[in-house]
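Student: The structure follows.
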Amino acid sequence: MNIKGIARPLVDVLVDRTLQLSQGRNAGCIGFLDEEGVVSTHTEIVDGGLSGIPLRILLSKMTSMEGASLIEGLSVLPEQSVIIMTRPGKTGLITDVSGVDFFNMPIINIGVKNDGLAGIGLITPKEEHFDLATESEQINLATLGSLTMEDEKDVLRQGNLLSLKYLDVSRELEAVDKEVSLVENPEGKVRLSYPRLSIDVLDRSLAEQLVSKSKEVGQGREVATIAVVEDGKVSSAGRIVEGGMGYVPSRLLASSAVDISARSLMQIYGELIPENAVIVHTHPGGTGVMHIGDANAGPGTWGRPIIAIGHDAVGQMRGATAIEVSDKIYQLADEDERLNQEFFNAETPEMESNIRNRKFGVAQEYTDLCKPIQIQ
Numbered sequence: 001m002n003i004k005g006i007a008r009p010l011v012d013v014l015v016d017r018t019l020q021l022s023q024g025r026n027a028g029c030i031g032f033l034d035e036e037g038v039v040s041t042h043t044e045i046v047d048g049g050l051s052g053i054p055l056r057i058l059l060s061k062m063t064s065m066e067g068a069s070l071i072e073g074l075s076v077l078p079e080q081s082v083i084i085m086t087r088p089g090k091t092g093l094i095t096d097v098s099g100v101d102f103f104n105m106p107i108i109n110i111g112v113k114n115d116g117l118a119g120i121g122l123i124t125p126k127e128e129h130f131d132l133a134t135e136s137e138q139i140n141l142a143t144l145g146s147l148t149m150e151d152e153k154d155v156l157r158q159g160n161l162l163s164l165k166y167l168d169v170s171r172e173l174e175a176v177d178k179e180v181s182l183v184e185n186p187e188g189k190v191r192l193s194y195p196r197l198s199i200d201v202l203d204r205s206l207a208e209q210l211v212s213k214s215k216e217v218g219q220g221r222e223v224a225t226i227a228v229v230e231d232g233k234v235s236s237a238g239r240i241v242e243g244g245m246g247y248v249p250s251r252l253l254a255s256s257a258v259d260i261s262a263r264s265l266m267q268i269y270g271e272l273i274p275e276n277a278v279i280v281h282t283h284p285g286g287t288g289v290m291h292i293g294d295a296n297a298g299p300g301t302w303g304r305p306i307i308a309i310g311h312d313a314v315g316q317m318r319g320a321t322a323i324e325v326s327d328k329i330y331q332l333a334d335e336d337e338r339l340n341q342e343f344f345n346a347e348t349p350e351m352e353s354n355i356r357n358r359k360f361g362v363a364q365e366y367t368d369l370c371k372p373i374q375i376q
């Protein structure tokens, strides 16, 4: 995709919206490249909230997100699509490949500074960007495996050298004098749709291997694997990978079952990971009860169930639960995004308190979706 520029009126509208929102909030939309290589059409502009641009609301301007995970929503975007976001307080320089890795499409950042446009940056999907993302995940975890101060220094040195590579992942994009148009019902591709899998039993052998590895890496680190479910029973489908404190990076998780080299997360989870895949991970010190982060990491983003195995310090299993794919998952995700935006509309402390309390309520409802499963 040869992107030559972005229409200046679209840039102006996004900058103005960002200035109006203030408070560090950004704005964004999905843009589309025309025959001349200029981004000149776009979906409705979305305001950012507590966590930046709400992705489900952004994708809802393209397709219905009812009952759909993020990856299912992303799958409808046509080849000429571009993600456009403003960056308050920044120049538009892009020094992160996580976005292009996740979306597998070009990303345009519009810097907004000193009450106006500061610059426009562009990053496009490249195989080396995806491998950089893998290297970043590996280095971020390597510090946990360091046994001496010198080991940790070496890892941090590698991380700093990697950061220098990120300075060259983007280029500056030109604003072009060209008319823009809002596309209210853009035509997209056929949407991915994953089956709603029911989970009843986790293979004991797999559970024991995971807990043994979790105990071995120690220090509260999680381990995980990609498994598959057939007739309600979850069995092994890949090797066990090591994670960090309370998380397992998405790329390294996928590497347990497929070759992730030179591929984006969208390609990996959309084309390579089986439809009946299940994410299985450990919760050191816990009983297997999960939270909003687990739900987002499994059904919310990738459209697959997620399982947690709780165990104590000596490797004794305390239980396991699953969060399956359901409409309720996506209803809560939609509500959480709306609450993140309503926060800025609160006019009194009481209104803000109600919003914050409901956000805690949403998090509790995610936990209520944990389904105890058998290990046998």
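Residue numbers for the sequence shown follow the numbering used here, so the first one is 1 and each next one is one higher. By construction, the Cβ of each residue, glycine as well, lies at the ideal position given by its N, Cα and C atoms. If you're wondering where the values come from, they're calculated on a predicted model, not measured in any experiment.
What are the residues that DSSP puts in a beta bridge with Lys-371?
Tutor: As a first step, residue 371 must be located in the sequence shown, where it is residue number 371. Partner(s): Ala-322.
Student: Which residue comes first and which comes last in the alpha helix (DSSP H) that contains Ala-133?
Tutor: Counting from one through the sequence shown, the residue named residue 133 turns up at place 133. Its alpha helix (DSSP H) spans residues 127-142.
Student: What does a CB cutoff of less than 6 Å around Lys-213 pick up in its chain, not counting 5 residues either side in sequence?
Tutor: Counting from 1 along the sequence shown, the entry for residue 213 is found at position 213. The answer, listed in chain order, is Val-223, Ile-240.
Student: To the nearest angstrom, how far is the alpha carbon of Ala-133 from that of Arg-221?
Tutor: Taking the first residue of the sequence shown as position 1, residue 133 is located at position 133. Taking the first residue of the sequence shown as position 1, residue 221 is located at position 221. Roughly 21 Å between the two C-alpha positions.
Student: Would you call the segment 310-330 and the segment 6-26 touching, i.e. three or more CB-CB distances under 8 Å?
Tutor: The answer is no - the segment 6-26 does not touch the segment 310-330, with fewer than three Cβ pairs under 8 Å.
Student: Under a three-way DSSP split, which group does Asn-345 fall into?
Tutor: Working through the sequence shown from its first residue, we reach residue 345 at position 345. Of the three classes helix, strand and coil, the one that applies to Asn-345 here is helix, per DSSP.
Student: By the 10 Å Cβ neighbour count, where 16 or more other Cβ atoms means buried, how is Arg-356 classified, buried or exposed?
Tutor: The residue you call residue 356 lines up with position 356 of the sequence shown. So Arg-356 ends up on the exposed side.
Student: Could you please give me the residues that DSSP links to His-311 through a beta bridge?
Tutor: Counted from its first residue, the sequence shown places residue 311 at position 311. The partner list for His-311 (beta bridge, DSSP) reads Pro-284, Met-317.
Student: DSSP state of Asn-104, grouped into three classes?
Tutor: Within the sequence shown, residue 104 is the residue found at index 104, counting from 1. Reduced to three states, the DSSP call for Asn-104 is coil.
Student: Express the C-alpha separation of Ala-363 and Gly-288 in angstroms, rounding to a whole number.
Tutor: Numbered from 1 along the sequence shown, position 288 holds the residue referred to as residue 288. Numbered from 1 along the sequence shown, position 363 holds the residue referred to as residue 363. Going from the Cα of Gly-288 to the Cα of Ala-363 covers about 16 Å.
Student: Just how far apart, CA to CA, sit Cys-370 and Arg-338?
Tutor: The residue labelled residue 370 in the question sits at position 370 within the sequence shown. The residue labelled residue 338 in the question sits at position 338 within the sequence shown. Rounded to whole angstroms, Cys-370 to Arg-338 spans 23 Å at the Cα level.
Student: Can you have a look at Ala-313 and say buried or exposed, based on whether 16 or more other CB atoms are within 10 angstroms of its CB?
Tutor: The residue given as residue 313 occupies position 313 in the sequence shown. Label assigned to Ala-313: exposed.
Student: With distances taken Cα to Cα, identify the nearest neighbour of Ser-51 among Ser-353, Asp-336, Arg-358, Phe-360.
Tutor: Position 51 of the sequence shown, counted from the start, is the residue given in the question as residue 51. Nearest C-alpha to Ser-51: Asp-336.
Student: Since Ala-27 contacts Ile-45 with CB under 8 Å, what's their CB separation in whole angstroms?
Tutor: The residue given as residue 27 occupies position 27 in the sequence shown. The residue given as residue 45 occupies position 45 in the sequence shown. Indeed they touch by this definition, with Cβ atoms about 6 Å apart.
Student: Does the structure place the segment 339-348 close enough to the segment 175-185 that three or more beta carbon pairs sit under 8 Å?
Tutor: The segment 175-185 vs the segment 339-348: no contact.
Student: Taking Ile-107 and Ile-83 to be in contact with their CB atoms under 8 Å, please state how far apart those CB atoms are, rounded to whole angstroms.
Tutor: Taking the first residue of the sequence shown as position 1, residue 107 is located at position 107. Taking the first residue of the sequence shown as position 1, residue 83 is located at position 83. With a Cβ gap of about 5 Å, Ile-107 and Ile-83 count as contacting.
Student: Just to confirm, are Arg-263 and Phe-130 a CB contact at a threshold of 8 Å?
Tutor: Locating residue 263 in the sequence shown gives position 263, where the first residue counts as 1. Locating residue 130 in the sequence shown gives position 130, where the first residue counts as 1. Their beta carbons are under 8 Å apart, which means Arg-263 touches Phe-130 by this criterion.
Student: Between the segment 132-146 and the segment 240-254, can you find at least three pairs of beta-carbon atoms closer than 8 Å?
Tutor: With the cut-off at 8 Å, the segment 240-254 and the segment 132-146 touch.
Student: Which partner residues does Gly-31 have in the DSSP bridge list?
Tutor: For the purposes of this step, residue 31 is taken as residue 31 along the sequence shown, with counting starting at 1. In DSSP, Gly-31 forms a bridge with His-42, Val-82.
Student: Out of Gly-89, Val-201, Leu-74, Ala-142, point me to the one whose CA is closest to Tyr-269's CA.
Tutor: In the sequence shown, residue 269 corresponds to position 269, counting from 1. Checking every option, the nearest Cα to that of Tyr-269 belongs to Leu-74.
Student: Here's the rule: buried if 16 or more other CB atoms are within 10 angstroms of the residue's CB, otherwise exposed. What is Met-245?
Tutor: Here residue 245 corresponds to residue number 245 of the sequence shown, with the count starting at 1. With fewer than 16 Cβ atoms within 10 Å of its Cβ, Met-245 is classed as exposed.
Student: May I ask you to report which of helix, strand or coil DSSP gives Tyr-247?
Tutor: Position 247 of the sequence shown, counted from the start, is the residue given in the question as residue 247. Tyr-247 falls in the strand class under three-state DSSP.
Student: Let me make sure I understand the geometry here. Which of Met-290, Val-258, Arg-87, Ser-163 has the alpha-carbon closest to that of Val-11?
Tutor: Within the sequence shown, residue 11 is the residue found at index 11, counting from 1. Measuring from the Cα of Val-11, the nearest candidate turns out to be Arg-87.
Student: When burial is assigned at 16 or more other CB atoms within 10 Å of the CB, is Asn-296 buried or exposed?
Tutor: Within the sequence shown, residue 296 is the residue found at index 296, counting from 1. The residue in question, Asn-296, is buried, as its Cβ has 16 or more Cβ neighbours within 10 Å.
Student: Note down the Cα distance separating Glu-127 from Lys-153, rounded to an integer number of angstroms.
Tutor: Residue 127 sits at position 127 when you count from the first residue of the sequence shown. Residue 153 sits at position 153 when you count from the first residue of the sequence shown. Using only the alpha carbons, I get a separation of about 29 Å.
Student: Reducing DSSP to helix, strand and coil, say where Ser-264 ends up.
Tutor: The residue given as residue 264 occupies position 264 in the sequence shown. Reduced to three states, the DSSP call for Ser-264 is coil.
Student: What are the boundary residues of the beta strand (DSSP E) that Glu-222 is part of?
Tutor: To locate residue 222, count along the sequence shown from 1; it is residue 222. 221-230 is the span of the beta strand (DSSP E), which, as asked, contains Glu-222.
Student: Please say whether Leu-14 and Asp-47 have beta carbons closer to each other than 8 Å?
Tutor: The residue you call residue 47 lines up with position 47 of the sequence shown. The residue you call residue 14 lines up with position 14 of the sequence shown. No; because the gap between Cβ atoms is not below 8 Å, this pair is not in contact.
Student: Report the partner residues of Leu-147 according to the DSSP bridge assignment.
Tutor: The residue labelled residue 147 in the question sits at position 147 within the sequence shown. In DSSP, Leu-147 forms no bridge with anything.
Student: On the CB-based measure, 16 or more other CB atoms within 10 Å of its CB, does Met-105 come out buried or exposed?
Tutor: The residue labelled residue 105 in the question sits at position 105 within the sequence shown. Classification for Met-105: buried.
Student: Taking Thr-41 as the reference, which of Val-228, Gln-23, Met-62 has the closest Cα?
Tutor: Within the sequence shown, the letter at position 41 stands for residue 41. Among Val-228, Gln-23, Met-62, the Cα nearest to that of Thr-41 is on Met-62.
Student: Who pairs with Arg-356 in a beta bridge, going by DSSP?
Tutor: Numbered from its first residue, the sequence shown carries residue 356 at position 356. Answer by DSSP bridge pairing: none, since Arg-356 is not bridged.
Student: Give me, in chain order, the residues of the same chain whose beta-carbon lies closer than 8 Å to that of Gly-232; leave out the 5 immediate sequence neighbours on both sides.
Tutor: Your numbering for residue 232 matches position 232 in the sequence shown. These residues qualify, in order along the chain: Ser-198, Ile-199, Asp-200, Val-201.
Student: For Ala-322, which residues from the same chain have a beta carbon less than 6 Å from its beta carbon, with the 5 sequence-adjacent residues on both sides left out?
Tutor: By 1-based counting over the sequence shown, the position of residue 322 is 322. The answer, listed in chain order, is Ile-199, Pro-305, Ile-307, Lys-371, Ile-373.
Student: Nearest-angstrom Cα distance between Ile-71 and Thr-148?
Tutor: Your numbering for residue 71 matches position 71 in the sequence shown. Your numbering for residue 148 matches position 148 in the sequence shown. Computed Cα separation, rounded: 40 Å.
Student: Look up Gly-99 in the DSSP assignment and say whether it is helix, strand or coil.
Tutor: Numbered from its first residue, the sequence shown carries residue 99 at position 99. The answer is helix: DSSP assigns Gly-99 an H, G or I state.
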